[in-house]
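K.L.:
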Amino acid sequence: MTEPSPESTATPPLARLSIGALFVGFLKVGLSGFGGVMPFARRMIVEERRWLTEAEFLDVLSLSQFLPGPNIVNVSVIIGRRFRGPAGSVAATAGLMLMPLVIVLLLATVYAEYAQILAVRNALVGMSASASGLIVATAIKLARPIRGSTWQIAICAAVFAAIALGRVSLLWVLLVACPLSFALAWRTRR
Amino acid sequence: MSSPVLWELAGQFFVLSLLSIGGANAVIPEIQLRVVETKHWMSNADFAQLFALSQAAPGPNVLIVSLVGWKVAGVLGGVLAMIAMSGPSSMLTYAVAHAWERFRDAPWRIAMQRAIAPVTVGLILASGYVLTRTADHTWGAYAVTGATLLLVLRTTLHPLWMLGAAALLGSFGLV
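As you go down the protein sequences, you meet chains W and Z in turn.
So in our numbering, spot 36 of the first sequence is number 36, and the numbers just go up one at a time.
Numbers in our numbering are just positions in the second sequence, counted from 1, shifted up by 1000.
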């Protein structure tokens, strides 16, 4: 079930983890951040519990970002699989999502209860303006590594224009942008 | 589980799951397109407020999906939407994880990662733009968006402070 890790270095990663440990570890990650929990996942997995080395975690992260799906859910699937197969993936993902789901649905129910009060509705209008700024900031931070490459900037701009300004369906944008981007990446490989 | 809207909800996110390259933040415009403009399940203002709620709760940013599900079909809708959004992509991830490790240094793998990066950034930038256009209708709102952006980029202040301050400004009718 467990793959031997090709890069076992100074801190040998654990060979085996219990289903319960996976569940509890990811339960903690789920509760630890707001608007994204990836930095907390890295801390728990690499620094606190030493399930993976830094290099192994980066490898898991790169696959999670490359494939469709919520990135952190993909991380929990891969790590659960590595230690415990399908049951491990289910346990890690269930641990990750359980509490956030309960809390957000409670929050929504409470909000619905008080939404007829003008000040409560207005507070949420203010929060949604701020939340939009958070996403723009996330995008700008992610854009830093690609700013040195002309073709990457061009692809980024084209995708932005198609989705944001053209309101083109995501499926069509991906069907055109992904092969084109891969062709450009392949031509410029070092 | 016989409610047709519940199945339709699950169907929408089942498809979105496999399109969500770059994670949940990258598919905000597509979710908005589907639930507001195509399905008329909610207004633009509802959508913007659900997004704000999802940012104010602890946990992964994919929570917006369960709030959309909740708005459409209650708590069951919220749980189902999350399962539908995570299921197909998780199975795909499970299936390819082993191969990915094996081809660590393959040129095609490195090229694929360089290819996906700008697509992801473009998608999330579009999310920011669409959310701003959806949420902001006053100069006060644009000011709050701009101030949040600057604070995140220039300081290490925790985003919850910004959401909290914006909520306070809003409740006094200033946004």
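Even for Gly, the Cβ is constructed at its ideal location relative to N, Cα and C.
Only a predicted model underlies this, so the values are computations on that prediction, with no experimental measurement involved.
(1) Under the DSSP definition of a beta bridge, which residues are partnered with phenylalanine 23 of chain W?
(2) Under the rule that 16 or more other beta-carbon atoms within 10 Å means buried, what is glutamate 1037 of chain Z, buried or exposed?
(3) Using 7 Å as the limit for Cβ to Cβ distance, is glycine 126 of chain W near chain Z?
(4) At which residues does the alpha helix (DSSP H) containing glutamine 116 of chain W begin and terminate?
(5) Span of the alpha helix (DSSP H) holding arginine 190 of chain W?
(6) Given a threshold of 16 other Cβ atoms within 10 Å of its Cβ, counted over all protein chains shown, does arginine 1102 of chain Z qualify as buried or as exposed?
(7) Taking beta-carbon pairs under 8 Å, can you tell me which members of the region 1101-1118 of chain Z lie near chain W?
(8) To the nearest angstrom, how far is it from the Cα of valine 1027 of chain Z to the Cα of isoleucine 163 of chain W?
(9) Thinking C-beta only, is alanine 1073 of chain Z closer than 7 Å to valine 1119 of chain Z?
(10) With burial defined as no fewer than 16 other Cβ atoms inside 10 Å of the residue's Cβ, what is the status of tryptophan 1041 of chain Z: buried or exposed?
(11) If we ignore side chains and look at the alpha-carbon of each, how far apart do lysine 1039 of chain Z and glycine 1077 of chain Z end up?
(12) Apart from the five residues on each side of it in sequence, which residues of its chain come closer than 7 Å, Cβ to Cβ, to alanine 87 of chain W?
(13) Just mark lysine 141 of chain W as buried or exposed, buried being the case when its beta carbon has 16 or more other beta carbons within 10 Å.
(14) Roughly how many angstroms separate the alpha carbons of methionine 97 of chain W and histidine 1158 of chain Z, rounded to a whole number?
(15) Any beta carbon of chain W sitting closer than 7 Å to that of serine 1003 of chain Z?
(16) Which whole-angstrom value is the C-beta distance of glycine 1170 of chain Z and valine 125 of chain W, which I expect to be below 8 Å?
(17) Pull up the DSSP beta-bridge partners for phenylalanine 83 of chain W, would you.
(18) Spatial neighbours of tryptophan 151 of chain W within its chain, please: CB distance less than 6 Å, with the 5 preceding and 5 following residues excluded, ordered by chain position.
(19) Looking at the secondary structure, which residues open and close the alpha helix (DSSP H) in which arginine 1154 of chain Z lies?
(20) Which chain Z residues are close to isoleucine 19 of chain W, counting only those with a beta carbon under 9 Å from its beta carbon?
(21) So which residues on chain W does phenylalanine 1051 of chain Z lean against when the C-beta distance must stay under 7 Å?
(22) Name the residue from W/Ile153, W/Phe83 and W/Ala161 whose alpha carbon lies nearest to the alpha carbon of tryptophan 51 of chain W.
(23) Relative to chain Z, which residues along the region 23-39 of chain W have a C-beta separation below 8 Å, given in chain order?
(24) Return the residue from the list Z/Ile1124, Z/Val1175, Z/Ala1167 and Z/Trp1100 that minimises the CA-CA distance to glycine 62 of chain W.
(25) Give a yes or no on whether 7 Å exceeds the smallest Cβ distance from threonine 1145 of chain Z to chain W.
(26) If you reduce the DSSP assignment to three classes, tell me which class serine 181 of chain W lands in.
(27) Checking contacts by CB at 7 Å: is leucine 101 of chain W closer than that to chain Z?
(28) Buried or exposed: phenylalanine 1172 of chain Z, going by 16 or more other Cβ atoms within 10 Å of its Cβ?
P.N.:
Judging by the given coordinates:
(1) Partner(s): none; phenylalanine 23 of chain W has no beta bridge.
(2) exposed
(3) yes
(4) No alpha helix (DSSP H) holds glutamine 116 of chain W; DSSP gives it neither H nor E.
(5) Looking at the DSSP string, arginine 190 of chain W is not in any alpha helix (DSSP H), and its letter there is neither H nor E.
(6) exposed
(7) Glu1101, Arg1104, Pro1107, Trp1108, Ile1110, Ala1111, Met1112, Gln1113, Arg1114, Ala1115, Ile1116, Ala1117 and Pro1118
(8) 10 Å
(9) no
(10) buried
(11) 15 Å
(12) Ile19
(13) exposed
(14) 22 Å
(15) no
(16) 5 Å
(17) Looking at the DSSP assignment, phenylalanine 83 of chain W forms no beta bridge with any residue, so it has no partner.
(18) Leu184
(19) 1139-1154
(20) Here the premise fails: no neighbours, minimum Cβ distance about 16 Å.
(21) Ser128 and Ala131
(22) W/Phe83
(23) Gly30, Leu31, Ser32, Gly33, Phe34, Gly35, Gly36 and Val37
(24) Checking the sequence shown, residue 62 of chain W turns out to be serine, not glycine. When each option's Cα is compared against that of serine 62 of chain W, the closest is Z/Trp1100.
(25) yes
(26) helix
(27) yes
(28) exposed
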